[in-house]
Structure formats: C-alpha cells, structure tokens
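To start, the structure itself, in structure tokens.
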Amino acid sequence: MYQHLDEQGQALPFTANKAVCVGQNYLAHMQEMGGAPAKQAVLFIKPKTAITGLANGVMIPSDVGEVHYELELAILIAKPLRNASPKELDDAVWGYAAALDLTLRDVQLALKQSGHPWERAKAFDKSCVLSHFKPINRLSELADVELRFEQNTQLKQQGTTKQMIRNLSTLLCEASRCFTLEPGDVLLTGTPAGVGPLKAGDKLAFKVADISVETEVVLSE
C-alpha cells in the first residue's frame with residue numbers, strides 16, 4: 026500500500042487521501058492544448074487509488090491509447106484547510122514532491138468532445154505518481170523553482186513555478202473553497218508546455234526544485 030515518504034524513505038505521519046489537481050495553470054501548456062484562460066481555476070480530483078510511488082517505475086496501462094506525462098509540483102497538506110486565507114498556508118503545508126499527472130489523452134479528447142467529465146482519463150489507478158517529499162518552512166520557497174522533464178535524454182518540459190497563471194497561495198486558497206483539504210492530501214499545481222506520450226521502456230529523468238528522479242516506464246498488470 027502506498028505511503029508518503031520523506032527524503033530518507035521513511036513513512037510520513039499522513040495517510041494518503043485525495044489529490045486535488047489544477048489544469049491549465051501554465052499559459053504555454055494551455056495554448057498547446059487549445060485552451061483559453063478560465064475565470065476560475067480548473068480543478069479536478071484523483072482518488073487515493075490513483076496515488077502511487079516510484080518503487081516499480083512509472084506504470085502505464087496498455088490498450089487505452091496514448092498515455093501522456095505531465096510534470097508537476099505537488100504540495101503535501103499537513104493540517105486541514107477550508108476556506109483558507111493566505112496567512113494559514115505556511116503552517117498547513119508540510120512540503121513538496123515531484124509529481125507526474127498521467128493522462129489518457131485519447132480518452133480525454135473523446136470525453137471533451139462529448140461534453141463528459143474527465144475522470145476516466147485522469148483518475149485511473151496509479152495516475153498520480155509521486156516522488157519522496159521534501160519539507161519546507163514557507164510556501165514562498167517554491168515561488169520560483171524549476172521543473173524539468175527528460176525522456177530518453179531528450180528535454181521535453183522546462184519551466185518555473187513563477188510562470189504559473191495562479192500562484193501557489195491563490196491555488197491553495199481557491200481549492201480549499203471547493204474541497205476541504207485534509208492532512209495527507211496533495212495539491213498538483215499544473216504543468217508547463219511539452220507534454221507527450223509515454224511508452225514502455227522509456228527512461229525518464231525529471232526534477233522539481235531540489236528533488237531529482239530517474240526511473241523508467243513499465244506496463245501495469
């Protein structure tokens with residue numbers, strides 16, 4: 026069973042619950058997907074069955090069309106947040122991780138065209154891949170950190186959190202007005218441009234702030 030881990034691989038005292046995710050939070054990615062700026066943050070949820078670590082690599086399903094990577098900064102919640110104000114956030118956030126929001130892109134496009142929700146494309150098992158977590162003292166430490174993703178040594182994504190349309194404080198407060206954020210929840214904060222398909226055997230190297238990961242893609246059972 027998945028557990029949130031620290032830098033030493035020790036389990037953190039938070040039970041993994043839900044992942045609240047943010048779409049269209051980097052302008053260049055929104056443009057590559059054909060989107061337009063939204064008046065409110067585009068929020069959706071991945072259930073706890075979607076959350077997984079990297080012990081067995083990045084696991085993707087087969088026979089569902091293209092599975093895309095989206096590198097994101099993940100924020101770990103340590104104390105409940107509901108209708109939060111910015112002054113509450115530093116005390117409620119434990120730290121951050123590197124995350125991959127896996128997306129069944131062909132499925133998502135079909136759902137969009139039909140006007141249906143995205144859950145089948147976004148909330149499937151093991152679709153929220155998390156590295157270990159690193160603690161922070163203040164949310165502002167993450168205001169301008171790098172995100173970088175390489176696939177088979179080719180640079181695919183590169184950006185910084187400074188490029189976010191809605192910054193971390195705004196996202197957390199807005200998300201907490203829609204969903205109570207509980208200890209163990211994570212907030213995925215959007216992805217830069219450059220998303221694309223994964224295939225079994227791909228070698229991945231990605232970095233968010235001071236967390237670096239090297240892994241590979243495998244087919245899930």
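End of the sequence shown = 246 in this note's numbering, gap-free, step of one. Even glycine gets a Cβ: it sits at the ideal position worked out from N, Cα and C.
- Given a length threshold of 4 residues, each whole run of the alpha helix (DSSP H) inside the region 115-179 is given here in chain order: 130-139 and 144-147.
- Judged by beta-carbon spacing, P86 lies within the 7 Å limit of S245, meaning their Cβ atoms are closer than that value.
- For A44, the enclosing beta strand (DSSP E) begins and ends at A44 to G48.
- The straight-line gap separating the alpha-carbon atoms of L206 and L212 is approximately 9 Å.
- Of L136, Q188 and A122, the smallest CA-CA separation from I76 is found for A122.
- Short of 6 Å from the beta carbon of V170, and not among the five residues preceding or following it, lie these beta carbons of its own chain, in chain order: T186 and A234.
- Shown here, K112 sits in a helix according to DSSP, grouped into three states.
- Of the candidates K232, G90, I70 and Y94, K232 places its Cα closest to the Cα of R173.
- Following the DSSP letters along the chain, one finds S237 inside the beta strand (DSSP E) bounded by residues I236 to L244.
- By the 16-neighbour rule on beta-carbons within 10 angstroms, A63 is exposed.
- N162 is classed as exposed because its beta carbon has fewer than 16 other beta carbons within 10 Å across all chains shown.
- Rounded to the nearest whole angstrom, the C-alpha separation of Q188 and E166 is 15 Å.
- The region 113-132 and the region 143-158 touch, with no fewer than 3 CB-CB distances between them shorter than 8 Å.
- A distance of 7 Å or more separates the beta carbons of K73 and A103.
- Taking P111 as the centre and dropping the five residues before and after it, the same chain places the C-beta of S194 and C198 closer than 8 Å to its C-beta, in chain order.
- Cβ neighbours of G90 within its own chain (closer than 8 Å, five residues either side excluded): L129, R130, D131 and V132.
- For L196, no pairing in a beta bridge is given by DSSP.
- DSSP places L229 inside the beta strand (DSSP E), whose first and last residues are K228 to V233.
- Annotated three-state conformation of L52 is helix, per DSSP.
- In the assembly as shown, A36 is an exposed residue. Its beta-carbon has fewer than 16 other beta-carbons within 10 Å.
- Bounds of the beta strand (DSSP E) holding A99 are L96 to I102.
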